[in-house]
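> Dropping the structure in here first, questions after.
Residue numbers (the working numbering), protein chains in the order written: chain R, 59 to 480; chain F, 59 to 480; chain S, 59 to 480.
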């Protein structure tokens, strides 16, 4: 059905939708649903920004290649013969054919299946049949993609003018991730789920735990939703006492971690920054070792050089990713929009590269909490998107206690579109 | 393929298509096929007009809720604790999530699954966790939807400015439907079919019986197509005699019904009215009791207070509905466009609420005629839509005898779009 | 993801894309991917041009009808009672319903299933019930479609102003096809495949054999890719000698064929012509009889009046068709775009009408080479389209040796759009 007011007039410009946004409220519907806004989002947030796409440890050996599809783009992550990670556009310089299909493969050269144009792993075109003597191969190398490794997490920027402030992300996260040695971890499991909603609803869903208690029984065993904000007035005297005890314990743990050389304090997103992230080392509930069904470590072999199971959960949010680095394993998720109302969430579970399935970890036990949580969130995002598409929707108020991060994300989102001329 | 004339020019405005329409002819192709016309149709005919969506008897008890999806809108029909029927937009006032999924459920409160915002059945927001002391719940009630009950048939208007002339529909139909007590009937069966054609082709198909003889063998056992117009010159002398006999019998039956207190005469649509409907009490063929395979009653328990199986077929057309109320059962259909070339037809078969399946009625016998007819019509609508989308299509002439109702519908359709500024 | 340069500006006009095309290079991405270009392509190349759609021998007997769907158009090929082939738009002149479904049927009249309007096989409306005395049937004949038969191959033009230079196609091909008597052949097998790419990628793929060696092991048994261009500098001395031997043999064969009354020399497309085609009689490899798995005839009964298995492969390209006429059988393919990124390729295998399956030919043996080749090409086209849709794609250089026909096709394509006002 059509919106109430003059639906046969031209829809407002994106800039008008952005101007319409009320602080403290969810976004106007069109920003979640319109095709032109989706194109703008793709341009700004997935083309001009740094986005998390993969892991160094997905190409552990020279000749390993891994293709990631990002909307209409496709990039090849590979490790060359000198052990250097490289990222290329998956587009032959002849007539544009894809060089490799999605997923992993092992290559000695990159040979286009169409006409056998053949590229070195360094990207140089070494052979192009029937192109004649005058053909200049040197200007037909594979196009490289800008990328950085943030402690082993690969972020790419598809544009030629990547935001410089990714340095803050790197400087913040390298020391936090170093002990986990994610560069040399192993992907124990990977799972794709397509959420039937806009990517911003996926991100909003991830940035609050207001919905956890009612929806995530498995996650709530280890997750402490108090850390994500609450209205103190709604707590019973007993709960208030418990909350105070938790906050005191959390402050002590943070101080102890920092003292032991593990940076832990919260680093917050900057609304006026280009690269949006938040990190903090959090306590887990129960015995506090892992986001597992019983909060005990799900992998006996700890990550990297870690020998303490109680280093908590290093939590990292980006605008298309969330991550939890625990002593025994890590969970790394990336978000790739497929359309205004369709979003791919790719979740990977990482363990130490020498951890052995069936010996050091049971795959079901390792993956069950976030598998369940991801499915529950997909349903919530679908119901949200359906409601927001309804002409009866109007932006509602965020809880200042439990949804402050959403307000901050929305403000950053609006500002970035404006900065890029929308 | 593209249209013949200058296909690389901008397509004509909707207003030009409307102006192009020739009286006595089917509509220009674009009015059936274009995306912008579909959006205009949704705005005018499914947002600003009264549309049939459900039945009081779908929520028979306090706490019964029934969700109907109408394009991007979704409405909750429910009966509150004071036995009052209410209709709400199925959109949480927080971040817009759907409150209930499609179909029926039983509720004591409406609790949003996302963050447990909790509404009374009267629509008031009674609980919203973590929103703080200053939060004003009173301005966050569920949004009500305008609705009327026409003898138990629920019509909604999604806009805030519903057409006033629905009163004529109510005044006409309440006395006609009273004896059938549709408010307290029972839905014995419901069936959704998606027709691969524009909604107006679905409605045109329903408003003539010119196609019945060649396509609806089951329906033609009870339906008398003479009542829907024919060219007298094409009848054989024998057929002409039979037609005259039928018209005399029909006139007598109408007079008898009226004398017995059953309003029966035709009430015609007004081309300049907003709310488009037609009703008339019709004879059925054979023994004349029901649109069943043998024209005998398909349900032994008659509807409401009726004790005469020969009260004919009270036939009611709206712009998104058709209905047949017979002594033993009623057939109620609603039409919900899903896209320019996709239309949902939802058919329900009603019987007395105390009628027992297997005792008073056999479900197959009750539903077989309209199940077959609906499938046959779906195929006709699909073939029509395909042909109308062909650049070789040009509007063809309606039969003045057998398709006069289509001409009247088309004129009303064009006028309504124009009145609403298209 | 969005293109690099100012993606939030309006996309360039089609004319700007056309002007942007670099000679010797593949087309700008938008010409393969954009919706508006697809509409323009449909208008110019599938509505205003002659397109290959079927065969006289698909309607061998009076009353045979065969429906071909061409985007939103649908045409009926039929043979009337006087043995004359006719082509009509498959649209009833009443309310536009399709008269016949896709595929073959046998008819004595064309009766619309909706309201039984009944047309003679000559197209005249002979009966329209209930239309009244004043109704003029004579202006409601079925709309004929312009068509020509090129040696039994039916080309239609959906517009009223078909290009006149189809005469050159007819004059060229009639004498070449006459001995094969395609008018009286038999369709032994037909196969539809939907390629997930733009139709021009399908055509480009067909117009070069640069990709054959790496992709078509079955076809390369009989196909001689030397005839499609190569860089002589890349040949080894041995290969160069073999190439020279082939060219000499080919020149002799052409001279011999011509002397025996079989026109064989290449006829090239005219860049400034409307109707784009190329034909030449080619040698086949091995024993040279057929594009079969072992190059021997796959059908014992030769086509038409042919008694020599070594007449080579009469190869005919149009802008939506490719064909191979060999002594024992012919392969005829038509290309129908379904969307910017979806193209139907319909392949038919023809044999002598009296050839008997299981006696004169084995269907698997007859069809295996082109079935495999078509599947391989579909994969290549899909990978091409995906890469061309990637913002990192830029038009690449055609091989002047092996892809000259693509450059010629691209130039013709651009010119035709410009001539038609794009």
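Think of the CB as a built atom: it goes at the ideal place given N, C-alpha and C, for glycine as much as any other residue. Everything numeric in this text was worked out from a predicted model, so none of it was measured.
Which residues of chain F have a Cβ atom closer than 9 Å to the Cβ of residue 171 (chain S), listed in chain order?
Position 113 of the third chain, counting from 1, holds the residue named residue 171 (chain S). Within 9 Å Cβ-Cβ: 269, 272, 273, 437, 438, 441.
> Hey, how far is the Cα of residue 155 (chain R) from the Cα of residue 419 (chain R)?
To locate residue 155 (chain R), count along the first chain from 1; it is residue 97. To locate residue 419 (chain R), count along the first chain from 1; it is residue 361. Taking the straight line joining both Cα atoms gives about 41 Å.
> Can you look up residue 375 (chain F) in the DSSP assignment and give me helix, strand or coil?
Start at 1 with the first residue of the second chain, and residue 375 (chain F) comes out as number 317. In the three-state reduction of the DSSP assignment, residue 375 (chain F) falls in the strand class, which pools E and B.
> In whole angstroms, what separates the C-alpha of residue 98 (chain R) from that of residue 91 (chain R)?
To locate residue 98 (chain R), count along the first chain from 1; it is residue 40. To locate residue 91 (chain R), count along the first chain from 1; it is residue 33. Cα to Cα, residue 98 (chain R) sits roughly 12 Å from residue 91 (chain R).
> Within 10 angstroms of the Cβ of residue 218 (chain R), are there 16 or more other Cβ atoms? Answer buried if so, exposed if not.
The residue labelled residue 218 (chain R) in the question sits at position 160 within the first chain. With fewer than 16 other Cβ atoms within 10 Å, it is exposed.
> Going by C-alpha distance, which of R:116, R:266, R:299 is nearest residue 173 (chain F)?
Here residue 173 (chain F) is taken as the residue at index 115 of the second chain, counted from 1. Of R:116, R:266, R:299, the residue nearest in Cα terms is R:266.
> At a CB distance below 8 Å, what residues from the region 460-471 of chain F approach chain S? Give them in sequence order.
460
> Considering only the alpha carbon of each residue, which of S:467, S:479, S:360 lies closest to residue 83 (chain S)?
Here residue 83 (chain S) corresponds to residue number 25 of the third chain, with the count starting at 1. Residue S:467 is the option with its Cα nearest to residue 83 (chain S).
> Return the CA-CA distance between residue 485 (chain F) and residue 333 (chain F), expressed in angstroms with no decimal places.
With chain F covering 59 to 480 only, the question about residue 485 (chain F) has no answer from this structure.
> Whose Cβ in chain A lies nearer than 7 Å to the Cβ of residue 150 (chain S)?
Absent from the structure: chain A. Protein chains present are R, F and S.
> Just grab the DSSP bridge partners of residue 248 (chain R) for me.
Counting from 1 along the first chain, the entry for residue 248 (chain R) is found at position 190. DSSP lists R:406 as partners of residue 248 (chain R).
> Is the region 316-330 of chain F in contact with the region 346-355 of chain F, if contact means three or more CB pairs nearer than 8 Å?
no
> Can you confirm whether residue 376 (chain S), when its beta carbon is compared against all beta carbons of chain R, has any partner nearer than 8 Å?
Sequence index remark: in the third chain, residue 376 (chain S) carries index 318 (1-based). It does not; no Cβ of chain R falls within 8 Å.
> Helix, strand or coil, according to DSSP, for residue 380 (chain F) in the structure here?
Here the question's residue 380 (chain F) lines up with position 322 in the second chain. Of the three classes helix, strand and coil, the one that applies to residue 380 (chain F) here is strand, per DSSP.
> If I follow the unbroken beta strand (DSSP E) through residue 320 (chain S), where does it start and stop?
Within the third chain, residue 320 (chain S) is the residue found at index 262, counting from 1. From DSSP, residue 320 (chain S) is part of no beta strand (DSSP E); its letter is neither H nor E.
> Express the C-alpha separation of residue 438 (chain R) and residue 176 (chain R) in angstroms, rounding to a whole number.
Start at 1 with the first residue of the first chain, and residue 176 (chain R) comes out as number 118. Start at 1 with the first residue of the first chain, and residue 438 (chain R) comes out as number 380. Cα atoms of residue 176 (chain R) and residue 438 (chain R): separation of roughly 47 Å, rounded to the nearest angstrom.
> Would you say residue 184 (chain S) reaches chain F, if we count a Cβ-Cβ gap shorter than 8 Å as a contact?
Mapped onto the third chain, residue 184 (chain S) falls at position 126. No, residue 184 (chain S) lies away from the interface with chain F (no Cβ there is under 8 Å from its Cβ).
> I'd like to know if residue 147 (chain F) contacts chain R, where contact means its C-beta is closer than 8 Å to some C-beta of that chain.
On the second chain, residue 147 (chain F) is found 89 positions in, with the first residue counted as 1. Yes, because at least one Cβ of chain R sits closer than 8 Å to the Cβ of residue 147 (chain F).
> Can you check whether the C-beta of residue 201 (chain S) is within less than 8 Å of a C-beta belonging to chain F?
Position 143 of the third chain, counted from the start, is the residue given in the question as residue 201 (chain S). Interface residue, yes.
> At a Cβ threshold of 8 Å, is residue 188 (chain S) touching chain F?
The residue labelled residue 188 (chain S) in the question sits at position 130 within the third chain. With 8 Å as the cut-off, residue 188 (chain S) counts as an interface residue toward chain F.
> Going along the chain, which residues of its own chain have a beta-carbon closer than 6 Å to the beta-carbon of residue 235 (chain S), five neighbours each way excluded?
Along the third chain, one-based indexing puts residue 235 (chain S) at 177. 209, listed in sequence order.
> Looking at C-beta atoms only, is the number of pairs between the region 370-382 of chain F and the region 255-270 of chain F that lie closer than 8 Å three or more?
yes
> Give me, in chain order, the residues of the same chain whose beta-carbon lies closer than 6 Å to that of residue 135 (chain F); leave out the 5 immediate sequence neighbours on both sides.
Within the second chain, numbered from 1, the residue matching residue 135 (chain F) stands at position 77. Counting only Cβ-Cβ distances below 6 Å, and skipping sequence neighbours, we find 112, 117, 124, 145.
> Mind checking the region 397-419 of chain F against chain S and listing, in chain order, the residues whose C-beta falls within less than 9 Å of any C-beta there?
Within the region 397-419 of chain F, no residue has a Cβ that lies closer than 9 Å to any Cβ of chain S.
> Quick one: which chain S residues come within Cβ less than 9 Å of residue 313 (chain F)?
The residue given as residue 313 (chain F) occupies position 255 in the second chain. Correct list: empty, because the minimum Cβ distance to chain S is about 28 Å.
> Go through its chain and collect everything with a Cβ distance to residue 137 (chain R)'s Cβ below 6 Å, but skip five positions before and after it.
Here the question's residue 137 (chain R) lines up with position 79 in the first chain. The residues are 117, 120, 122, 143.
> Counting only Cβ pairs nearer than 7 Å, list the residues of chain S close to residue 450 (chain F).
Within the second chain, residue 450 (chain F) is the residue found at index 392, counting from 1. By Cβ distance, chain S contributes 131, 147, 149, 201.
> Count the other C-beta atoms from every protein chain shown that fall within 10 angstroms of the C-beta of residue 477 (chain F), then say buried if there are 16 or more, exposed otherwise.
Taking the first residue of the second chain as 1, we reach residue 477 (chain F) at position 419. Flag for residue 477 (chain F) reads exposed.
> Quick one, are the C-beta atoms of residue 171 (chain F) and residue 441 (chain R) less than 8 Å apart?
Translated into the one-based positions of the second chain, residue 171 (chain F) becomes position 113. Translated into the one-based positions of the first chain, residue 441 (chain R) becomes position 383. Yes, the Cβ-Cβ distance between residue 171 (chain F) and residue 441 (chain R) is below 8 Å.
> Give the DSSP-derived three-state secondary structure of residue 300 (chain S) in the structure shown.
Residue numbering aside, residue 300 (chain S) sits at position 242 when the third chain is read from its first letter. Reduced to three states, the DSSP call for residue 300 (chain S) is helix.
> When DSSP labels each residue in this structure, what does residue 273 (chain F) get in the three-state scheme?
As a first step, residue 273 (chain F) must be located in the second chain, where it is residue number 215. If DSSP states are grouped into helix, strand and coil, residue 273 (chain F) belongs with the helices.
> Please work out which residues of its chain come closer than 8 Å, Cβ to Cβ, to residue 385 (chain S), disregarding the five sequence neighbours upstream and downstream, and give them in chain order.
Against the third chain, residue 385 (chain S) aligns to sequence position 327. Hits under 8 Å: 347, 348, 355, 360, 361, 364, 366, 367, 368, 369.
> Enumerate in chain order the residues of its own chain whose CB-to-CB distance from residue 96 (chain S) is below 6 Å, with the five nearest sequence positions on each side excluded.
Counting from one through the third chain, the residue named residue 96 (chain S) turns up at place 38. So the qualifying residues of the chain are 398.
> When you compare the region 231-250 of chain S with the region 147-164 of chain R, are there three or more beta-carbon pairs, one atom per stretch, that lie closer than 8 Å?
no
> For residue 44 (chain S), I'd like the list of residues in its chain whose CB is within less than 7 Å of its CB, leaving aside the five on either flank, ordered along the chain.
Nothing about residue 44 (chain S) can be reported from this structure: the residues present for chain S run from 59 to 480 only.
> Is the beta carbon of residue 404 (chain R) closer than 8 Å to that of residue 391 (chain R)?
What you label residue 391 (chain R) is simply residue 333 of the first chain in a count that begins at 1. What you label residue 404 (chain R) is simply residue 346 of the first chain in a count that begins at 1. Yes. Within cutoff.
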